[in-house]
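Presented below is the structure to which this report refers.
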Amino acid sequence: MCPFADSQTKRRNPLLDQGDALQRTILATVPDALIVIDEQGTILLFSETAARMFGYADDEAIGQNVKILMPNPDRDRHDDYMQHYMDTGEAHIIGIGRVTNARRRDGSTFPIELAIGEAVTEHGRLFTGFIRDLTEVQRAERRLNDLQTELSHISRVSAMGSLASALAHELNQPLTAITSYAEGARSLLGDDGTPAADHIEMVREALAEASVQALRAGQIVRRLREFISRGDSEKRVERLRRLVTEASALALTGTGTTGLDFNLRLDTSADLVLVDRIQIQQVLLNLIRNAVEAMQQSRRQMLDIRSRRSGRDMVEVIVADSGPGLSPEIAAVLFQPFNTSKEKGMGLGLSISRTIVEAHGGRIWAEPSEYGGTAFHFTLPLAEEPGDV
1 MCPFADSQTK RRNPLLDQGD ALQRTILATV PDALIVIDEQ GTILLFSETA ARMFGYADDE
61 AIGQNVKILM PNPDRDRHDD YMQHYMDTGE AHIIGIGRVT NARRRDGSTF PIELAIGEAV
121 TEHGRLFTGF IRDLTEVQRA ERRLNDLQTE LSHISRVSAM GSLASALAHE LNQPLTAITS
181 YAEGARSLLG DDGTPAADHI EMVREALAEA SVQALRAGQI VRRLREFISR GDSEKRVERL
241 RRLVTEASAL ALTGTGTTGL DFNLRLDTSA DLVLVDRIQI QQVLLNLIRN AVEAMQQSRR
301 QMLDIRSRRS GRDMVEVIVA DSGPGLSPEI AAVLFQPFNT SKEKGMGLGL SISRTIVEAH
361 GGRIWAEPSE YGGTAFHFTL PLAEEPGDV
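Going by the UniProt record's numbering, the residue at position 239 of the sequence shown is 239; the numbering climbs one at a time, nothing skipped.
And the structure:
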């Protein structure tokens, strides 16, 4: 059914003339979903691709507020976003585009690429949205990423083997010297543990040399740690909401999350953060995918991501799930490398996440979640200047 077939629709819709067959053909064949709304967010035009994508017939969608196509928190805040733009002219999406999530009629969410344009007409402002479903695109990217992860796994194992060999070689000499000096000092002690008078100076020298070699071994380990933790990090002012929505859209693609109850609650007063975008999104991807994997066998699948202020200059992000939770054995070594409950995991994801968060001046920890699973918390520094966001 064409969105302008009845006279009532035509009266409230200024976009098309009744006989415009060309525009009708475009609406029927445009590959991306096309939606037009007015200043109040009311849907004026809903293409056939949009109908197939969202599960609404065009006559069901037209006249509704466009927020029916959005998950929370956008669903509840869309009217405020519109009013803010109308009052201030400050655009965060219009003319820019973004990756986010959309909501089908059945309540399931899926990743989209959204581009919005604006036109000022004699009937007021109109907003045109082109929506591309990224589900298949990101599923293909996920398959490619899985392959790259396997290759990276092999590469890391090989690199760690080389690193372990080099480290063993570097540490072998001071540790061997420590053992030799300690054994020498012990042999100079009498049966009662007291060295003979002429041996006291030799024992003192042996212990001094052992101490020197111990310090040398510590320096080797410290240099290695500095080398591993050192890396280029370009911190910029970013919007936390954008980081989270993009990361969640990518993380949930191809995971079979049709039954997932996904809740996003972000504190708008703590939105600007000073971070390396790629690194923080890597942390979010890791935590979200861990949560989804943990809930595979759970009857209730609840993923809750929220943020709140933490003190004057930090924001706390929480990723909570309804999975089985952490065993005491895993919880005790959760952020240490090479500890994992996954069959094919290396146990590096959370260790790397901790390194990233701490490099940003924050911290990361885990607690039982209110849904029965695990809640990962991490903090990031708030930004004072909006910058290029």
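Backbone N, C-alpha and C fix where the C-beta goes; we use that ideal spot for every residue, glycine too.
Item checked: Ranges of the beta strand (DSSP E) found wholly within the stretch 298-386, counting only runs of at least 3 -> 302-310, 314-321, 364-368, 374-381
Checklist line | Candidates Pro381, Thr374, Thr121, Gly41, of which the one nearest Arg239 by Cα | finding: Translated into the one-based positions of the sequence shown, residue 239 becomes position 239. Among Pro381, Thr374, Thr121, Gly41, the Cα nearest to that of Arg239 is on Pro381.
Next item on the list: With DSSP as the reference, label Asp87 as helix, strand or coil.
Entry: In the sequence shown, the residue the question calls residue 87 occupies position 87. Three-state DSSP puts Asp87 in a helix.
Notebook entry, point to check: How big is the Cα-Cα spacing for Ile356 and Val315?
Noted result: The residue labelled residue 356 in the question sits at position 356 within the sequence shown. The residue labelled residue 315 in the question sits at position 315 within the sequence shown. Those two C-alpha atoms are separated by around 15 angstroms.
Notebook entry, point to check: Do Leu171 and Ala210 have their C-beta atoms within less than 7 angstroms of each other?
Noted result: Taking the first residue of the sequence shown as position 1, residue 171 is located at position 171. Taking the first residue of the sequence shown as position 1, residue 210 is located at position 210. Not a contact, by the Cβ cut-off of 7 angstroms.
Margin query: Considering only the alpha carbon of each residue, which of Ser180, Ala270, Leu284 lies closest to Asp276?
Written below: Along the sequence shown, one-based indexing puts residue 276 at 276. Nearest of Ser180, Ala270, Leu284 to Asp276, Cα basis: Leu284.
Note to self: Our contact map puts Ala366 next to Leu303 with C-beta atoms below 8 angstroms; I'd like the distance itself, whole angstroms only.
What the structure shows: One-based indexing of the sequence shown puts residue 366 at position 366. One-based indexing of the sequence shown puts residue 303 at position 303. About 15 angstroms; that fails the 8 angstroms criterion.
Checklist line | Continuous beta strand (DSSP E) stretch holding Arg103: start and end | finding: Here residue 103 refers to the residue found at position 103 of the sequence shown. 98-103 is the span of the beta strand (DSSP E), which, as asked, contains Arg103.
Checklist line | Pro111 versus Pro174 - alpha carbon distance | finding: Counting from 1 along the sequence shown, the entry for residue 111 is found at position 111. Counting from 1 along the sequence shown, the entry for residue 174 is found at position 174. Between Pro111 and Pro174, the C-alpha separation is close to 55 angstroms.
Notebook entry, point to check: Looking only at its own chain, which residues have a Cβ that is under 8 angstroms from the Cβ of Ala331, when we skip the five neighbours before and after it?
Noted result: Walking along the sequence shown from the start, residue 331 turns up at place 331. Here the set comprises Ala366.
Next item on the list: Taking 7 angstroms as the cut-off, decide whether the C-beta atoms of Ala249 and Asn101 are in contact.
Entry: Indexing the sequence shown from 1 puts residue 249 at position 249. Indexing the sequence shown from 1 puts residue 101 at position 101. Result yes, Cβ atoms of Ala249 and Asn101 sit closer than 7 angstroms.
Margin query: Given this structure, state the Cα-to-Cα distance separating Thr135 from Ser269, to the nearest angstrom.
Written below: In the sequence shown, the residue the question calls residue 135 occupies position 135. In the sequence shown, the residue the question calls residue 269 occupies position 269. Each residue's Cα considered, the two are about 31 angstroms apart.
Checklist line | Where Met53 falls, given that 16 or more other Cβ within 10 Å makes a residue buried | finding: Your numbering for residue 53 matches position 53 in the sequence shown. Buried, because 16 or more other Cβ atoms sit within 10 Å of the Cβ of Met53.
Notebook entry, point to check: Does the distance from the CB of Asp313 to the CB of Gly373 come in under 7 angstroms?
Noted result: Within the sequence shown, the letter at position 313 stands for residue 313. Within the sequence shown, the letter at position 373 stands for residue 373. Result no, Cβ atoms of Asp313 and Gly373 do not sit closer than 7 angstroms.
Notebook entry, point to check: Is the Cβ-Cβ distance between Ala359 and Leu272 less than 7 angstroms?
Noted result: Numbered from its first residue, the sequence shown carries residue 359 at position 359. Numbered from its first residue, the sequence shown carries residue 272 at position 272. No.
Next item on the list: Return the first residue and the last residue of the alpha helix (DSSP H) that Leu45 is part of.
Entry: Taking the sequence shown and counting its residues from 1, one reaches residue 45 at position 45. Unbroken run through Leu45 is the beta strand (DSSP E), 43-46; no alpha helix (DSSP H).
Next item on the list: Measure the Cβ-Cβ separation of Phe127 and Glu113 and say whether it is below 7 angstroms.
Entry: Within the sequence shown, numbered from 1, the residue matching residue 127 stands at position 127. Within the sequence shown, numbered from 1, the residue matching residue 113 stands at position 113. Against a cut-off of 7 angstroms, the Cβ pair of Glu113 and Phe127 comes out as no contact.
Notebook entry, point to check: Starting from Asp133 and walking both ways along the beta strand (DSSP E), at which residues does that stretch end?
Noted result: Within the sequence shown, numbered from 1, the residue matching residue 133 stands at position 133. Taken as a continuous stretch (DSSP letters only), the beta strand (DSSP E) holding Asp133 covers 124-133.
Check: What residues in its chain sit with their C-beta under 8 angstroms from that of Arg265, if we drop five residues either side in the sequence?
Finding: Looking up residue 265 in the sequence shown gives position 265. The answer, listed in chain order, is Asn72, Pro73, Asp304, Ile305, Arg306, Ser307.
Check: Is Tyr181 closer than 7 angstroms to Ala214 when the C-beta atoms are compared?
Finding: Numbered from its first residue, the sequence shown carries residue 214 at position 214. Numbered from its first residue, the sequence shown carries residue 181 at position 181. No; because the gap between Cβ atoms is not below 7 angstroms, this pair is not in contact.
Check: Helix, strand or coil: how does DSSP classify Gly218 here?
Finding: Translated into positions along the sequence shown, residue 218 becomes position 218. Note: Gly218 maps to helix in three-state DSSP.
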